[in-house]
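*Asks:*
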Amino acid sequence: MTLDYSSSFHYLVALLPECVLFVGGMGVLLAGVSKTDEQRRPELGWLALAVLAAAAVANGWLYSVSESGATAMIAVDKFRLFANWVFIVGAALTIAISLAYVSRQRLQAAEYYALIAFATVGMMVVAASRDLMIVFLGMETVSIAVYALAAFNRRDPRSAEAGLKYFLLGAFASGFLLFGIALIYGAAGSTNLQAIAVAVQDGAAAGGLMIPGMALLVTGFAFKVSAVPFHMWTPDAYEGAPTPVTAYMASAVKAAAFVAFARILFVGLDGVYDQWFPILWWIAAATMVVGNLVAVVQSSIKRMLAYSSIAHGGYLLVALVAANDAAAAGLLFYLFVYTVTTVGAFAVVVTVGRQSERDTAIEKYAGYGWRRPVLGTLMTLFLLSLAGFPGTGGFMAKFYVLQGAAEAHLWWLLVVLVLTTLVSYWYYLRVAWFMWMKEAPEGAVHRVGGATPFAIYVVLLVCGGIVLATGLLPGAAIDLAQGSVEGLRHWVAGTAPAH
Amino acid sequence: MTSLLASVAYETWILHFLVLGPVAGMIHVLASPAERAKRIALGWSVAVFAASTGLWWAFEPGAGFAFRFATPWISLWGVEYALGLDGISLFMVLLSTLTTPVVVLASFRYVATRQKAFYALVMLLAAGVSGVFLATDVFLFYVFFELTLVPMYFIVGIWGGERRIYAAVKFFLYTALGSLLMLVAILYVYFSAGTGSFSYEAFLAADLTLTEQLWLFAAFAAAFAIKVPVFPLHTWLPDAHVEAPTPGSVVLAAVLLKIGAYGFLRFLLPLFPDAVQHPAVTATMLALGTAGIVYAAWVAAVQPDAKKLVAYTSVAHMGFVVVGVFALTVNGLQGGLMVMLSHGVSTGALFLLLGMMYERRHTRRIEDFGGLARVAPLFSTAFVITALASIGLPGTSGFVGEFLALLGLFERHPVVAAVAATGVIFAAYYMLPMVQKILFNELDKPENRSFPDLSRREAVVLAPLVALMIWVGVHPAPFLERMGPSVEAVLEQVDRDAGVLLEAVEPGVGAALEQVEPGTGAVLEQVSQSAIGAVSPPPASDDIARAAERDATATGNTGQASRGAAEPGAGGRETPERRP
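Line order of the protein sequences matches chains A and B.
Just so it is clear: in the first sequence, position 359 is 359 by our numbering, and no numbers are missing.
Position in the second sequence (first residue = 1) + 1000 = our numbering.
(1) What does the Cβ neighbour count give for B/A1082, buried or exposed, with the cut at 16 atoms within 10 Å?
(2) Given a limit of 7 Å on CB to CB distance, which residues of the region 456 to 485 of chain A reach chain B?
(3) Please go through the same chain and pick out, in chain order, the residues whose beta-carbon is closer than 8 Å to the beta-carbon of A/I144, but skip the five residues on each side of it.
(4) Looking only at its chain, what residues have a beta carbon closer than 8 Å to the beta carbon of A/A408, apart from the 5 residues adjacent to it on each side?
(5) With a Cβ-Cβ cutoff of 8 Å, do A/N292 and A/S424 count as a contact?
(6) Could you say which of B/V1255, B/F1231, B/L1271, B/L1237 lies nearest to B/S1192 if we only look at CA atoms?
(7) Distance check for B/L1265 and B/L1393, CA to CA, integer angstroms please.
(8) Which runs of the alpha helix (DSSP H) fall wholly inside the region 1223 to 1280 of chain B and span at least 4 residues, in chain order?
(9) Indicate the three-state DSSP secondary structure (helix, strand or coil) for A/Y338 in the structure shown.
(10) Check whether the Cβ of B/L1018 lies closer than 8 Å to any Cβ atom in chain A.
(11) What separation, rounded to the nearest whole angstrom, lies between the Cα atoms of B/A1049 and A/W282?
(12) Count the other CB atoms within 10 Å of the CB of A/W233; is the residue buried (16 or more) or exposed (fewer)?
(13) Comparing C-alpha positions only, which one of B/Y1153, B/V1251, B/E1243 sits nearest to B/V1102?
(14) At 7 Å on the CB atoms, spell out the chain A contacts of B/L1181, in chain order.
(15) Which runs of the alpha helix (DSSP H) at least 4 residues long sit entirely within the region 319 to 403 of chain A? Give them in chain order.
(16) Residues of chain C with a CB under 9 Å from the CB of A/P212: which are they?
(17) Give the residues of chain A in contact with B/L1015, contact being defined as C-beta atoms less than 8 Å apart.
(18) At a CB-CB cut-off below 7 Å, which residues of chain A make contact with B/R1036?
(19) So, does the CB of B/E1458 fall closer than 8 Å to a CB anywhere in chain A?
(20) I'd like the ranges of any alpha helix (DSSP H) spanning at least 4 consecutive residues and lying wholly in the region 1104 to 1165 of chain B.
(21) Mark A/V142 as exposed unless 16 or more other C-beta atoms lie within 10 angstroms of its C-beta, in which case mark it buried.
(22) Can you tell me whether B/W1044 is buried or exposed, with buried defined as 16 or more other CB within 10 angstroms of its CB?
(23) A/G69: buried (16+ other C-beta within 10 angstroms of its C-beta) or exposed?
(24) Are the beta-carbon atoms belonging to B/N1331 and B/G1408 less than 8 Å from one another?
(25) List, in chain order, every chain A residue whose beta-carbon is nearer than 7 Å to that of B/S1075.
(26) Of the choices A/P373, A/G475, A/G376, A/P244, whose alpha-carbon is the least far from that of A/G393?
(27) Going along the chain, which residues of the region 1164 to 1176 of chain B sit with their C-beta nearer than 8 Å to a C-beta in chain A?
(28) Using DSSP's beta-bridge definition, name the partner residues of A/L3.
(29) Once you ignore the five residues that flank A/Y457 on each side, which residues in its own chain have a CB closer than 6 Å to its CB?
(30) Quick check: the Cα distance between A/A222 and A/G314, rounded to an integer number of angstroms?
(31) In terms of DSSP beta bridges, what is B/V1079 paired with?
(32) From A/G170 to A/F230, what distance separates their C-alpha atoms?
(33) Between which two residues does the alpha helix (DSSP H) harbouring B/R1036 extend?
(34) Check whether the region 1314 to 1331 of chain B and the region 1279 to 1292 of chain B touch, using three or more Cβ-Cβ pairs below 8 Å as the test.
(35) Can you check DSSP and say which residues form a bridge with A/D131?
(36) Give the DSSP-derived three-state secondary structure of B/L1085 in the structure shown.
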């Protein structure tokens, strides 16, 4: 069917995955009210997974729906649908690694899973929006749900600290974002991305409001994607939050911000590329350098992965700076691979910590690989993928971004990227050498018995499989990513960007 | 033999088997109980080696790639799974397929713990190395190039000595630094070529200005020079060699170092001809190569640790490869290749021998040994032959390569050749005292009286290597004729538009050669006509032909002599300065 938004039913169709997920999330909440028995907590998780599966079906069905024109507030394009896959997969994997954790930590299961569902709804809205107001609403939906999730473990002061820090700085960032949107509205007379693009072409940038608005918007998003120098909240928030939530924040939440950022930059602000190019160039370079260098000295694996996620944000910013089709497709592909790899790595962290916040020091991984060879091997695989090593999806993703940047002739940024990648080898390999090359200290062998929960095994195998598949035979996934950005950047009728 | 190979459709599956066979072996090892791991690994590696020996007969010397196969891998980017074999990669492949079973067999006792992981990593390494030498797609090459790092990192880091983690990480980061810069350069060439393909031919066709070539040369050279390693980028090598377990050292010396030099021949020279011929670049590379030869020899001479000494000899030998390659002559390139081959065999064998000493005595210090020749005659025989091959005694493999490399260098840079030639003397200076102290001095340490001689397994490990040292040394013609056309093709690529290469050869070189080797010209001419001339096609490049002609008219027969000198097994013994 074709949507022209002549009736509100069309909006319902366009937002079908969001609607399914939202209603399902409410259902999880309600189911939680009736189930007070602690034994039944995992069932709520499975229910949330079922809801996500339904949303995935709806998302798949949307491929058969087309829209007339490309100006509506809600986009039904492949860019959005691909991004939705990333969010759904990220949320599902997060829930799967949370099942045992939530039971063991005696968290309120219904609210926990429902918040993840609602945050995912927000991400989908962000990815779908062609209007700055919808972007803002979506971002706030995500953020508020995740503030709560970060602080979810009420018995742990660090969790509360994480939530508070994230909330304060997130609110601050939202202020920048909103102010930027307001200024852009003042310059362009609209919050619709196409209208903004047209206004920019007609000279709206000369008015003195557009550029400050763009700068504030970029600042707001730089907070959201934890780009340097707006990254200060990230390590504390990631370290304090419950580990599965950290996985979620580092993967899907970050992906949502990047998808929205990309659409705004590539579509609405394409005309002022020359203005945002230098800003983002420097932010990208600084993010890669600082993220990687500071990750080197971390002794907690959660903090290390937090800084590594900052560094990956830097690589993704390179794709934004490149601003061409290859880079946009690379961004999507990268987000997918990165989400899967990160959640996989955190699944191991959760297992090593025995469903709690114990043993997050990297030294605790000494000799772990030999005691749990499957987990150790998979962790090594995830680390190599995060490092961008050939044979893993991480390499293909990084290469995709590199290729886009090379096409845009960003040679110096490429050099920064590969040199900081070299730095990242150090800290990723460091975990590997603790796991395989050091022996656990006498008497410090922590309990390795106790079966790893079934769901975590599934997550590990799925993540490992995807990492290998996208590393060895990435053709289909790359074609899908490339197909998903067709038309994204050239949709203003009759105009092609100058660069 | 050829018909037998044809009957099993050899050329259709062999290259795949070389890459995928070890992978299958790795999976088989992982799926089997630990106590059977070593036998399974041995079985697979012997099978791969046996299969690869067919290449010796199946490969027809020629300029292009043989047995080519290509299928799209990532079609959107124009990446292909493309394999091929030419005269340069042939010997690298054979060397690596030979090394793997040798290493596996040598590890039977040395690696006592975590065998499954060890043999799985060795098999993965074998697959990666085969892939590096066979890939004809640059992207694929890069993937395999990086893939060899991971198994080596774990082999050094898990089974290595005291400072193994330091050595493993240093090895990894050094190598990765170069390869990451190369990745950027690969992308640059990819977009300059503009064909949307990563195939080797597409890269050759890229049209690059001199400035671009110089930058790209720097990036590629960084990757390969670290791997070779070229002085002063060699500091990771002694650490890695000393800390690595014996099998790791052997693979590192025999195969992994060759990847760098192979990269010189396969990519650096053909892709950036103008940069390669730039006087400053040539001078730099020759200076670094010569410095490596001399410096490493000096450093080696004062090492108390036998393994470290051998590690430094690697640097010196690879210096010969560098000067041979950057002489940009047929002899130089062939010499470089022969040094690579010989170094792989002789240094690999030296590390094996040192490993056997370490297994018996748990020390590597030279002064802890002495008089072993009396208690372990077989061991000592193998040691002496290997050491002499490493020095480059005529009649051993080391001589052929170093002589050709120096000869090729002399054709264009006589002074550099003279300096580099001192390295041969130094080689005797550091190697012979070690041999004497370990094998021939007084048998004054009681522990050494019970030093067991080679076991049957150890003899089997060493026998093929020793045989190869002597075979190559005595009769190198079959090797040279197989690599000849490919080497000439590389030089043609270097020479494709400049045409200045052979013009630079001074007419006096031929005469100088005559003086150095009085009377050999005639012998060489005959040999060259019978051994080389009969097989090699006539020089394909007009420039080579012209230069050869001109040389011939100038000095009678040296046009033939300089080509014919590729057969030193016959004439080489008469060079007095080569005797240590």
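Each residue gets a CB set at the ideal place from its N, CA and C atoms; glycine is no exception.
*Replies:* With the given structure in hand:
(1) Taking the first residue of the second sequence as position 1, residue 1082 of chain B is located at position 82. B/A1082 is buried by the Cβ-count criterion.
(2) P474, G475, I478, D479, Q482
(3) The sequence position of residue 144 of chain A within the first sequence is 144, counting from 1. Around A/I144: no qualifying Cβ.
(4) Taking the first residue of the first sequence as 1, we reach residue 408 of chain A at position 408. Closer than 8 Å at the Cβ level, and outside the excluded window around A/A408, lie V321, A322, A323, N324, A327, H499.
(5) Sequence index remark: in the first sequence, residue 292 of chain A carries index 292 (1-based). Sequence index remark: in the first sequence, residue 424 of chain A carries index 424 (1-based). Yes, the Cβ-Cβ distance between A/N292 and A/S424 is below 8 Å.
(6) If you number the second sequence from 1, residue 1192 of chain B lands on position 192. Among B/V1255, B/F1231, B/L1271, B/L1237, the Cα nearest to that of B/S1192 belongs to B/L1271.
(7) Along the second sequence, read from residue 1 onward, the residue named residue 1393 of chain B stands at position 393. Along the second sequence, read from residue 1 onward, the residue named residue 1265 of chain B stands at position 265. Their Cα atoms are separated by approximately 26 Å.
(8) 1236 to 1243, 1246 to 1251, 1257 to 1263, 1273 to 1277
(9) In the first sequence, the residue the question calls residue 338 of chain A occupies position 338. Three-state DSSP puts A/Y338 in a helix.
(10) Working through the second sequence from its first residue, we reach residue 1018 of chain B at position 18. No, its Cβ sits nowhere closer than 8 Å to a Cβ of chain A.
(11) Numbered from 1 along the second sequence, position 49 holds the residue referred to as residue 1049 of chain B. Numbered from 1 along the first sequence, position 282 holds the residue referred to as residue 282 of chain A. According to the sequence shown, residue 1049 of chain B is Phe rather than Ala. Their backbone Cα atoms lie some 52 Å apart in a straight line.
(12) Residue numbering aside, residue 233 of chain A sits at position 233 when the first sequence is read from its first letter. The residue is buried, with at least 16 neighbouring Cβ atoms inside 10 Å.
(13) Walking along the second sequence from the start, residue 1102 of chain B turns up at place 102. Comparing Cα positions, the closest option is B/V1251.
(14) The count along the second sequence starts at 1 and reaches residue 1181 of chain B at position 181. Residues of chain A passing the Cβ test: V418.
(15) 325 to 352, 368 to 371, 373 to 387
(16) Absent from the structure: chain C. Protein chains present are A and B.
(17) Along the second sequence, one-based indexing puts residue 1015 of chain B at 15. Here the premise fails: no neighbours, minimum Cβ distance about 18 Å.
(18) Position 36 of the second sequence holds residue 1036 of chain B. Those do not exist, as B/R1036 stays about 17 Å from chain A at its closest Cβ, beyond 7 Å.
(19) To locate residue 1458 of chain B, count along the second sequence from 1; it is residue 458. Taking Cβ atoms only, chain A never reaches closer than 8 Å to B/E1458, which makes this a no.
(20) 1115 to 1134, 1138 to 1147, 1149 to 1159
(21) What you label residue 142 of chain A is simply residue 142 of the first sequence in a count that begins at 1. Flag for A/V142 reads buried.
(22) Here residue 1044 of chain B corresponds to residue number 44 of the second sequence, with the count starting at 1. Buried, because 16 or more other Cβ atoms sit within 10 Å of the Cβ of B/W1044.
(23) Here the question's residue 69 of chain A lines up with position 69 in the first sequence. Exposed, because fewer than 16 other Cβ atoms sit within 10 Å of the Cβ of A/G69.
(24) The sequence position of residue 1331 of chain B within the second sequence is 331, counting from 1. The sequence position of residue 1408 of chain B within the second sequence is 408, counting from 1. Yes. Within cutoff.
(25) Looking up residue 1075 of chain B in the second sequence gives position 75. The contacting residues are G475.
(26) Position 393 of the first sequence, counting from 1, holds the residue named residue 393 of chain A. For A/G393, the nearest C-alpha among the options comes from A/G475.
(27) R1164, I1165, A1168, V1169, F1172, L1173, A1176
(28) Translated into positions along the first sequence, residue 3 of chain A becomes position 3. Note: A/L3 sits in a beta bridge opposite A/E67.
(29) Walking along the first sequence from the start, residue 457 of chain A turns up at place 457. So no residue of the chain qualifies.
(30) As a working mapping, residue 222 of chain A is identified with position 222 in the first sequence. As a working mapping, residue 314 of chain A is identified with position 314 in the first sequence. Near 10 Å, if we compare the C-alpha coordinates of A/G314 and A/A222.
(31) Here residue 1079 of chain B refers to the residue found at position 79 when the second sequence is read from its first residue. Answer is B/I1074, bridged to B/V1079.
(32) Stepping through the first sequence from its first residue, residue 170 of chain A is reached at position 170. Stepping through the first sequence from its first residue, residue 230 of chain A is reached at position 230. Answer to the nearest angstrom: the Cα atoms are 11 Å apart.
(33) As a first step, residue 1036 of chain B must be located in the second sequence, where it is residue number 36. It is not in any alpha helix (DSSP H) - B/R1036 carries neither H nor E in the DSSP assignment.
(34) yes
(35) Along the first sequence, one-based indexing puts residue 131 of chain A at 131. A/D131 pairs with A/N192.
(36) The sequence position of residue 1085 of chain B within the second sequence is 85, counting from 1. Three-state result, B/L1085: strand.
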